[in-house]
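Trainee: Supplied in structure tokens, the structure appears directly below.
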Amino acid sequence: MKSCYLALGVAAGIAQANPMAKRAVTDADILNYALTLEHLEATFYAEGLQNYTQADFVNAGYDAPFYDNLMKVASDEKTHVSFLTGALEGIFVL
């Protein structure tokens, strides 16, 4: 039992003596993260609009312009993906 505690103590000491080096977060890192989120959003809206029609939303109690607004948001998300992709291609970080 003592050897188990000794091994844990040694392992903890090694872990503290060898901390992982932190690297600075760059603009490219942030843009890549933003691009990932924009891909998720664009996919969410695209798949939602593929699965439901304007009539489905009206039948669920939403007014007709609600669907049009969703289509506008979906288009904006595609634009965001294109913009961020272009920015990242400029710094070769895809």
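Numbering of the sequence shown is given in the working numbering, commencing with residue 966 and proceeding in unit increments. Ideal placement from N, C-alpha and C gives every residue a C-beta, glycine not left out.
1) Just tell me which of 1055, 1008, 1023 has its CA closest to the CA of residue 1039.
2) Any idea what DSSP makes of residue 1026, helix, strand or coil?
3) Look at the alpha carbon of residue 1001 and the alpha carbon of residue 995, and state the distance between them as a whole number of angstroms.
4) Just to confirm before moving on: does the CB-CB distance between residue 1006 and residue 1042 stay below 8 Å?
5) Leaving out five residues before and five after residue 1024 in sequence, what residues of the same chain have Cβ atoms less than 6 Å from its Cβ?
6) Using beta-carbon positions only, say whether residue 999 and residue 1049 come within less than 8 Å of one another.
7) Rounded to the nearest angstrom, what separates residue 1035 and residue 988 at their Cα positions?
Mentor: Well, looking at it:
1) Ranking 1055, 1008, 1023 by Cα distance to residue 1039 puts 1008 first.
2) In the structure shown, residue 1026 sits in coil (DSSP, three-state: anything other than H, G, I, E or B).
3) 10 Å
4) yes
5) If we look at residue 1024 and ignore the five residues flanking it on each side, it has no Cβ neighbours.
6) yes
7) 39 Å
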